[in-house]
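Trainee:
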Amino acid sequence: MTTPAPPDLLYSETEDDLRAAVRSLLTDHGGPTAALAEAERARPHDPGLWRSLATGMGTAGLLVPERLGGQGATAREAAVVLEELGRSVAAVPYLTSAVLAVRTLLGCDTARPEVAGPLAALADGGRVGALAVPLPTAPGGAPPVTVRGGAGLSGEITSVAGAAGADVLLVPADSGLYAVDTTAPGVAVTPVTPLDLTRPLARVTLTGATAILLAEPARARDAVADALLTGAGLLASEQLGLAEWCLAETVRYTGGRHQFGRPVGSFQAVKHRLAALWLDVVSARATARNAADALATGSPDTAVAVAVAQAHCGEVAVRAAQECVQLHGGIGMTWEHPAHLYLKRAKSDQIALGTPGRHREALARLVNLPGPVG
Amino acid sequence: MDADALRRRVADLLAAHDPATTDRLDFLRARFDAGLAWIHFPEGLGGLGAPRALQQVVDQALEAAGAPDNAPRRIGIGLGMAAPTLLRHGTDAQRRRFLRPLWTGEEVWCQLFSEPGAGSDLAALATRATRDGDGDGKGAGWIVDGQKVWTSQAHLARWGILLARTDPDLPKHRGITYFVCDMTDPGVDVRPLRQITGEAEFNEVFLTGVRIPDTHRLGEVGEGWQVARTTLMNERVAIGGARVPRESGMIRLVADTWRRRPELRTHDLHQRLLRLWVDAEAARLTAERLGRRLALGHPGPEGSGMKLAFARLNQEISGLEVELLAEDGLGYDDWTLTRPELVDFTGRDAGYRYLRAKGNSIEGGTSEVLLNIIAERVLGLPPEPRTDKDAAWKDLPR
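For the protein sequence lines, the chains are C and U, in the order given.
So that you can map any letter, position 11 of the first sequence is -8 in my numbering, and since no number is skipped, the others follow by simple counting.
Count along the second sequence from 1, then add 2; that gives the number in my numbering.
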């Protein structure tokens, strides 16, 4: 077993500054309370918040080189943004547009105007994109191609995250990867009611839709695979931020809530659960940082780092959200308290971009621990 | 004192004492006297008052020259616990008497803290030290009576750091005094304590009329708990520093067996192995992060957490290993009573690892106590109500 070069698992000063700015924006915007109000509105995301975050602060273009209209940062900075978005369960299409769609386009030939144009538009936050694959698709396993090319695209893709609210869809088809304008004829984006109220899901139906070819099949496959790997690796940071909020909020609540004449948080049974959860969060931070650093440096260890982070952080976030609901008692079961938004996001994130079980299966191959034969 | 100056001092030491021809102990003494033992200690006490981070410059240069080391794992209690406590709370005379032979390993140290009735609740200890006022020609001192337990290396030790109760009328934390105990005193009786592994790694120590001169008291009378905190804090700092390779320790052993013996594989074991592999990698990365933070001068609370994590991991992995080995897991390598100087997890078989790992969540602070520490000191949760804090020790139920 070879050990990779030492990763940088800490946060740089630039990353700390970026975090402070994003957190301040999200706090000013109302944090989880605003996310709760937003969840009641029948719109895919919060356009004001997205404008401030994506365009105002320039975070939509973090992964895009400056010459292509972006900020020229790395996955490490994008990970910090996602930590804060997880902490606030904000309803913005960062993961789906600024990570998945952007990385897909970066995997195509960016010298072609058909690619560079939409990429620059996504990077400045002026337009929103989505990669049209089912959200549970794990990196490594290519998504089943359900769309046929030709004069126009035809087919159906289910459970596409961020499609509702997107301006452009990146559609893998049998004849390559295509860009489809959501307002074009033959394109139907039908929202489905999602478990996670803060990340819209839709069914995309194409009937001879006009499309622009972005990449031939082989390159398309690689571009999508890379986007899914990046997305899965960075999703771990969203899960980390989410788990941190659940822990901090539960500590705050149990420290102040009295029952049997003492703070609930002074009972050893409660303390031990929260201390164990703290340990989970601390280790989730190490694995999420490791994945972000591997993606940022293009480390040969990236596939292992992402699989470890996803196998670990998906479980930690769900446990944190479940503990948050349980230890809040009755209030945790109410619609008024935002805990349910975190539970719904955590459970949905656990399935997104590969379940922990799928990532463990990937590890079995990557680190040579094969299962029994037959 | 910078790295270059340190390298020059190492070169001077090597020139005057060629490791190839110098007796091991003579070399170690010379190294101590040159201030190259622990460079952050004061001059004259094995150090140069230099930044601790530069120690590796010295260690690497000496290792490259083939110089002997002081077998740090064998004398870990002295180096890790007694030395920092002597440095912080000892008198000049005590430091000069004890530190040099401690560092060279000529004198092994043990820790006489835990008692049968005082484990996690260490401050409840009952070993008594009473004043021996008139003296016996050796000057004023103390007479100690009691029993200690779980004492590693007591059978090899020349000295022990000892906590004893000097005032039972005070609340339990305030009536304790800290001493250095001469393990060759005729009142000291060390008996092996056999464990579930069959070996006797620890001892019971019976103290009967042990005379300790007042010059071997460390800190003020009644201030022993404060002194002990220095010792205990240093016990848990032992993490960080060296990089740990991926898939090392116990997970490597079970992964190797898995790869070597496909006939043992089942789907259930595969799922559990992969989960533990991920947990082990997560713990490794967490330790790596902690090590970096420590190196940058940001000691984090993760240290207590790492002990918890590794205890759980070692227990689960070794349990899986015995199960994976199936028929072979039913055997055990050797029940003969032995007295190992060090715990060697990888040198014995799976059954030994399974049994010995059970101690990981008990020794050096139980997992339950560590969880309380994290909850209260890291997360800031309110303490449990306590009834023993202000009552006199003699009035506490035992």
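The beta-carbon is built from N, C-alpha and C at its ideal position, and this holds for glycine as well.
1) Please report the residue range of the beta strand (DSSP E) in which CYS183 (chain U) lies.
2) Just mark LEU89 (chain U) as buried or exposed, buried being the case when its beta carbon has 16 or more other beta carbons within 10 Å.
3) Going by beta carbon distance, what residues of the same chain come within less than 6 Å of HIS91 (chain U), once the five residues before and after it are set aside?
4) How many angstroms separate the CA atom of ARG11 (chain U) from the CA atom of ALA5 (chain U)?
5) Assuming ALA169 (chain C) is part of the beta strand (DSSP E), what are its boundary residues?
6) Would you kindly check if the distance between the Cβ of VAL152 (chain C) and the Cβ of VAL185 (chain C) is under 9 Å?
7) What residues in the stretch 284 to 298 of chain U bring their beta carbon closer than 9 Å to a beta carbon of chain C?
8) Compute the Euclidean distance between the alpha carbons of ALA160 (chain C) and LEU194 (chain C), then round it to the nearest angstrom.
9) Which residues, taken in chain order from the stretch 331 to 354 of chain C, show a beta carbon closer than 9 Å to some beta carbon of chain U?
10) Anything in chain C within Cβ reach of ALA311 (chain U), meaning under 8 Å, just list it in chain order.
11) If we define contact as Cβ-Cβ less than 9 Å, is GLN307 (chain C) a contact residue for chain U?
12) Taking 9 Å as the CB-CB cut-off, is GLY367 (chain U) touching chain C?
13) Quick check on VAL212 (chain U): buried or exposed, where buried means 16 or more other Cβ atoms within 10 Å of its Cβ?
14) Taking 9 Å as the CB-CB cut-off, is LYS391 (chain U) touching chain C?
15) If you draw a straight line from the alpha carbon of LEU187 (chain C) to that of ILE138 (chain C), how long is it in whole angstroms?
16) Any beta carbon from chain U within less than 9 Å of GLY246 (chain C)'s own beta carbon?
17) Pull up the distance between the alpha-carbon of ALA240 (chain U) and that of PRO(-12) (chain C), whole angstroms please.
18) Is DSSP giving HIS253 (chain C) helix, strand or coil here?
19) Please say whether GLU201 (chain U) and VAL192 (chain U) have beta carbons closer to each other than 9 Å?
20) Would DSSP call ILE312 (chain C) helix, strand or coil?
21) Just to make sure I have the definition right: I need the residues of chain C whose C-beta is within less than 8 Å of the C-beta of VAL182 (chain U). Which are they?
22) I'd like the ranges of any beta strand (DSSP E) spanning at least 3 consecutive residues and lying wholly in the stretch 115 to 172 of chain C.
23) What are the complete beta strand (DSSP E) segments, minimum 3 residues, inside the stretch 90 to 145 of chain U?
24) For CYS392 (chain U) and PHE100 (chain U), I'd like the C-alpha separation in whole angstroms.
25) Please name the residue, chosen from C:LEU215, C:GLY310, C:PHE248, that lies closest to THR268 (chain C) on a Cα-to-Cα basis.
26) Going by DSSP, which residues form a beta bridge with HIS239 (chain C)?
27) Go ahead and pull the three-state DSSP assignment for GLN149 (chain U).
28) Would you identify the three-state DSSP class for VAL185 (chain C), choosing helix, strand or coil?
29) Please list, in chain order, the residues of the stretch 251 to 272 of chain U that have any C-beta partner in chain C closer than 8 Å.
30) Taking the beta carbon of MET314 (chain C) as the centre, do at least 16 other beta carbons fall within 10 Å, making it buried, or is it exposed?
31) Do you know how far the Cα of ARG200 (chain C) is from the Cα of GLY251 (chain U)?
32) Under 9 Å between beta-carbons, which chain C residues line up against GLY307 (chain U)? List them in chain order, please.
33) Nearest to GLY335 (chain C) by CA position, among C:PRO115, C:SER247, C:VAL168, C:GLY222, is which residue?
34) Just confirm the distance between the C-beta atoms of LEU266 (chain U) and ALA328 (chain U), as a whole number of angstroms; I'd bet it's less than 8 Å.
35) Give the range of the beta strand (DSSP E) segment to which PRO215 (chain U) is assigned.
36) Starting from the Cα of GLY366 (chain U), find the closest Cα among U:MET235, U:GLY51, U:PHE34, U:ALA166 and give me that residue.
Mentor: According to the structure shown:
1) 178 to 184
2) buried
3) LEU220, GLY221, VAL229
4) 10 Å
5) 168 to 173
6) yes
7) ALA284, ALA285, ARG286, LEU287, THR288, ALA289, GLU290, ARG291, LEU292, ARG294, ARG295, LEU298
8) 7 Å
9) PRO337, GLY338, HIS340, ARG341, GLU342, LEU344, ALA345, VAL348, ASN349, LEU350, PRO351, GLY352, PRO353, VAL354
10) LEU260, SER264
11) no
12) no
13) buried
14) no
15) 9 Å
16) yes
17) Low per-residue confidence applies at ALA240 (chain U): pLDDT is 48, beneath 50, and the placement is therefore not dependable, though the value from the model is reported in the following sentence. Taking the straight line joining both Cα atoms gives about 22 Å.
18) helix
19) no
20) helix
21) Result: empty, since nearest Cβ-Cβ is about 35 Å, beyond 8 Å.
22) 134 to 142, 149 to 154, 157 to 162
23) 111 to 114, 130 to 134
24) What sits at residue 392 (chain U) in the sequence shown is Asp, not Cys. Near 36 Å, if we compare the C-alpha coordinates of PHE100 (chain U) and ASP392 (chain U).
25) C:LEU215
26) C:PRO244
27) strand
28) strand
29) ARG254, ALA257, TRP260, ARG261, PRO264, ARG267, THR268, HIS269, HIS272
30) exposed
31) 41 Å
32) ALA256, TRP259, LEU260, VAL263, SER264
33) C:PRO115
34) 6 Å
35) 204 to 215
36) U:MET235
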